[in-house]
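As structure tokens, the structure follows; a few thoughts come after it.
Residue numbers (my numbering): 1389 to 2006.
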């Protein structure tokens, strides 16, 4: 069928509509895309939430329009009525709805907007499946009626449901009225999408996309009450005491984290709603109405709690609870690693943590101030963490004289630090000491040599460490007692394109320690350097992969730190369970969550007893 156009259209306009294409942007185009979107869109920002895709419409290599899609809005009364699903169905299936958050037309051509929108709707579901592993069934979008009429949405087959109530999400006060209600437009991306979403069961092809419900709390009421007492001393910042005490809300957050609920305030509210009446009574939930029923804290209640709760007070309360559950630390648990981690979905908030690598105990956390780096945050953390008599290991960034002084003089501990290019003077001095030493010094009383062989990511690796005596005067670094030269030989893969005369990668670094060789041999130095990475493998990797910390949508910096500390305290409990678990197939973090959230297992874990055989899995 031959396409016809109005007689007043130019041939160029006709050709443009016939050949305009819509595609996903390439990674190298992201910066230009965001810059143009900020410049041209009336909101002047390019921030997206949750799962997201960015499209560009182009003709002959020129960009004609920009579109962005991201996660759907959580609460929309008009949309829920239009679909007809229940609150539980919405909670589990909201990932199947997508929001057209930005649409900018850069060139004014009749019918271009509707043509671009039609082309994007034809492919957005398949692109979502390829990118995130699931389809989307319904699209939604908001249109400001004071600026636009939504003509392109109407022409593309969208349905106008009405106007929103005019509220927006805010960090300061959660829901804030902005006095500019938007038009809500919706469109099914496949026939019968609404019927599928409100059905009792999803089709087999979509079943795997259905998000799981928040698990129920397995702790007995008396266990929750005992946990409650650890948080009773937290200060209530409110002028007028609310319905829910601070201790009550923190106990709910800790109990939820023990079951693998980590994403944010919304899931905490759902977890609280699943408590039994006996559990609510143990946590002092208020009762209202006639007949009197327990009132459940809302999402906004947890938002205000996490945004205003004192970080240091919460940290101390969590450490007290953790130590009560796990018992006193063992004598051999003498190495502490300090390292930072960025929470990717929380607008780049970074947190430095102290971690006992052998036992898996969390010892405290500090948020990195905006515009700063890890060094001052780590120093503040070291000043209050329990370090007496322990060995503190840090990466090369923290090889600072002030950090060393805090560890040795203020905290009564020892350090093992790596010296690299950030301390060129110290590195040159240590290398000079090594080169001036007798060639056979490591065979006598002046030093030691130790070698280890292992597989590292499937590649053979040899590590050779030579340690020797050094003084603070020689190295110009506080409290130095010994230095070491660590060399790694890593065999290159056969298929690499490196020169044939380089059979292996050779890495050399220098180590400094305040612990003398008589108490800290070369083999122990090599082991301690290896143990440092326990904070990455034992804590950070578990938080990302199994706990989903990087997927948390909490944005307020105070809330981010409070939730991060709760995750780390409960992670210590989980790691202790994993280490003692008799069934090695269950000895995983996911196994711990499954065990904790199992139905009808009220005695799953004795939260108020020291570590003992009673709380091990059968």
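Built from N, CA and C at the ideal position, the CB exists for glycine as well. Just so it is clear, the structure is predicted and the values come from calculations on it, not from any experiment.
- Collapsing the DSSP output to three states places residue 1724 in a strand.
- Inter-residue distance for residue 1413 and residue 1503 is about 18 Å (C-alpha atoms, whole angstroms).
- Here residue 1610 is exposed. Its C-beta has fewer than 16 other C-beta atoms within 10 Å.
- Restricting attention to 1729, 1750, 1487, the CA atom closest to the CA of residue 1765 is found in 1729.
- Linking residue 1475 to residue 1590 through their CA atoms gives a straight-line distance of about 16 Å.
- Spatial neighbours of residue 1838 in its own chain (CB-CB distance under 7 Å, excluding positions within 5 residues in sequence) are listed in chain order as 1853, 1910, 1911, 1914.
- Cβ contact annotation for residue 1434 (same chain, cutoff 6 Å, sequence separation greater than five): 1422, 1425, 1426, in chain order.
- Taken through DSSP and simplified to helix, strand or coil, residue 1919 comes out as helix.
- As for any alpha helix (DSSP H) of minimum length 4 sitting wholly inside the region 1740-1811, the runs are 1762-1770, 1789-1793, ordered along the chain.
- Counting only residues of its own chain and dropping the five nearest sequence neighbours on each side, residue 1742 has a CB closer than 7 Å to the CB of 1724, 1726, 1751, 1752, 1769, 1773.
- By a beta-carbon distance limit of 8 Å, residue 1616 contacts residue 1671. Their separation comes to about 6 Å.
- Each residue's CA atom was taken as its position, placing residue 1625 and residue 1943 some 21 Å apart.
- Linking residue 1781 to residue 1459 through their CA atoms gives a straight-line distance of about 41 Å.
- Counting every other CB atom within 10 Å of its CB across the protein chains shown gives residue 1542 a total below 16, marking it as exposed.
- With a 10 Å radius around the Cβ and a threshold of 16 neighbouring Cβ atoms, residue 1823 comes out exposed.
- Inter-segment contact for the region 1964-1972 and the region 1779-1797 is absent: fewer than three beta-carbon pairs are separated by less than 8 Å.
- Counting only residues of its own chain and dropping the five nearest sequence neighbours on each side, residue 1767 has a CB closer than 7 Å to the CB of 1790, 1791, 1794.
- When the alpha-carbon of residue 1929 is set against those of 1906, 1949, 1963, the nearest one is in 1963.
- Restricting attention to 1777, 1744, 1738, 1771, the CA atom closest to the CA of residue 1761 is found in 1738.
- Distance check between residue 1923 and each of 1946, 1876, 1744 places 1744 closest, using alpha-carbon atoms only.
- Per DSSP, residue 1613 is not a residue of any beta strand (DSSP E); the alpha helix (DSSP H) it occupies stretches across 1609-1618.
- Under the three-state reduction of DSSP, residue 1893 is assigned to strand.
- With fewer than 16 other beta carbons inside 10 angstroms of its own, residue 1514 counts as exposed.
- One thing to note: residue 1509 has its Cβ no nearer than 8 Å to the Cβ of residue 1436.
- Taking 8 Å as the cut-off, the Cβ atoms of residue 1868 and residue 1875 do not count as close.
- If you check the CB distance, residue 1820 and residue 1801 do not come in under 8 Å.
- DSSP places residue 1857 in the strand class (E or B) of the three-state scheme.
- For residue 1638, the uninterrupted alpha helix (DSSP H) segment begins and ends at 1634-1646.
- By the CB criterion at 8 Å, residue 1456 and residue 1440 fall inside the cutoff.
- Put simply, the region 1803-1822 does not touch the region 1943-1960. Fewer than three CB pairs are less than 8 Å apart.
- Within the same chain, 1662 come within 6 Å of residue 1604 by CB-CB distance, once the 5 residues on both sides are set aside.
- Contact check for residue 1486 against residue 1512 passes: the beta carbons are separated by less than 8 Å.
- According to the DSSP secondary-structure assignment, residue 1457 is paired through a beta bridge with 1441, 1488.
- For residue 1796, same chain residues with a beta-carbon under 8 Å away, outside a window of 5 residues either side, are 1802, 1803, 1866, 1867, 1902 in chain order.
- Beta-bridge partners of residue 1852 (DSSP): 1839, 1875.
- Taking residue 1639 as the centre and dropping the five residues before and after it, the same chain places the C-beta of 1612, 1615, 1616, 1619, 1671 closer than 7 Å to its C-beta, in chain order.
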